[in-house]
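Residue numbers (the numbering used here): 87 to 325.
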């Protein structure tokens, strides 16, 4: 199991690696930087660097983890990437159905392909689906997410690059907000975050504040007006 430091999950599972930039939030992609480092270290799964690659041998990994975990699927890729074969996506879903003692969190920026393929996939209760919305320019992804049959739906507003504006959170269970981190990180304004938090509380949607980000994200911390916000949905049994 790949234990992760990502605050809103417990482990990561990467049956696919690699991606391509699609929108503003991708500019300083952490996964790309990490993949290139791993390639330089001769890591087998990253022999192709950040080129999209499927890993058949990784499909059975969740069966090896007997303790129920919250698992971020494809933290180093995008499961709905246009080059990801549908048959391989189905195999990933098959594993999630069979290793059903875990809860799986999927996240995509490619909400159009998600909307297209979702009716052909089986959404058990333990499969959570989210979309990244880094600014108001990408709010159309929320509507695409809502069109799916995923039982738990969430938004990742990270890296938050601008004010989001009004959010219709009907059908959205969870909102994660975070600033960009790293040497070239773009700033996030407190007012943007507070506005999102207020909308979540008003619409009974769980709110999770991940980080302020910046060059030293650990020092910047994750307190919002003196409070840590760790709300999240309660996992339910797979059906």
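In this text, a Cβ means the ideal position worked out from N, Cα and C, and glycines have one as well. Here the structure is a predicted model, which means the values were calculated and not measured.
Alpha carbon of residue 155 to alpha carbon of residue 237, nearest angstrom = Locating residue 155 in the chain shown gives position 69, counting from the first residue. Locating residue 237 in the chain shown gives position 151, counting from the first residue. Approximately 18 Å, taken between the alpha carbons.
Just list the alpha helix (DSSP H) runs in the stretch 116-185, keeping only unbroken ones of 4 residues or longer that don't cross its boundaries, in chain order.
-> 116-126, 147-150 and 172-184
Quick one: give me the first and last residue of the alpha helix (DSSP H) that residue 226 is part of.
-> By one-based count along the chain shown, residue 226 stands at place 140. Start and end: 226-232.
With a Cβ-Cβ cutoff of 8 Å, do residue 140 and residue 174 count as a contact?
-> Here residue 140 corresponds to residue number 54 of the chain shown, with the count starting at 1. Here residue 174 corresponds to residue number 88 of the chain shown, with the count starting at 1. Cβ distance < 8 Å, so residue 140 and residue 174 count as in contact.
Smallest Cα separation from residue 311: which of 115, 200 and 276?
-> Counting from one through the chain shown, the residue named residue 311 turns up at place 225. Selected option, being the one with the closest Cα: 276.
Would you decide whether residue 149 is buried or exposed? Buried here means 16 or more other CB atoms lie within 10 Å of its CB.
-> Residue 149 sits at position 63 when you count from the first residue of the chain shown. It counts as exposed.
Under a Cβ-count criterion, where at least 16 other Cβ atoms within 10 Å of its own Cβ denotes burial, should residue 188 be classed as buried or exposed?
-> If you number the chain shown from 1, residue 188 lands on position 102. Counting Cβ neighbours within 10 Å, residue 188 comes out buried, since at least 16 surround it.
Whose CA, out of 302, 252, 308 and 288, lies closest to the CA of residue 294?
-> For the purposes of this step, residue 294 is taken as residue 208 along the chain shown, with counting starting at 1. For the residues 302, 252, 308 and 288, the minimum Cα distance to residue 294 belongs to 308.
Compare the beta carbon distance of residue 271 and residue 297 with 8 Å and say whether it is the shorter of the two.
-> To locate residue 271, count along the chain shown from 1; it is residue 185. To locate residue 297, count along the chain shown from 1; it is residue 211. Going by C-beta atoms, residue 271 is not nearer than 8 Å to residue 297.
Are residue 79 and residue 193 close, meaning C-beta to C-beta below 8 Å?
-> Because residue 79 is not part of the residues shown, which for the chain are 87 to 325, the question remains open.
Inter-residue Cα distance where the pair is residue 299 and residue 204 | Start at 1 with the first residue of the chain shown, and residue 299 comes out as number 213. Start at 1 with the first residue of the chain shown, and residue 204 comes out as number 118. So the two alpha carbons sit approximately 33 Å from each other.
Own chain partners of residue 165 with C-beta closer than 7 Å, once the 5 adjacent residues on each side are dropped = Locating residue 165 in the chain shown gives position 79, counting from the first residue. Around residue 165: 102, 159, 175, 178, 192 and 194.
Should residue 212 be labelled buried (16 or more other beta-carbon atoms within 10 Å of its own) or exposed?
-> Along the chain shown, one-based indexing puts residue 212 at 126. So residue 212 ends up on the buried side.
Could you say if the stretch 90-106 and the stretch 118-136 meet the contact criterion of at least three C-beta pairs nearer than 8 Å?
-> yes
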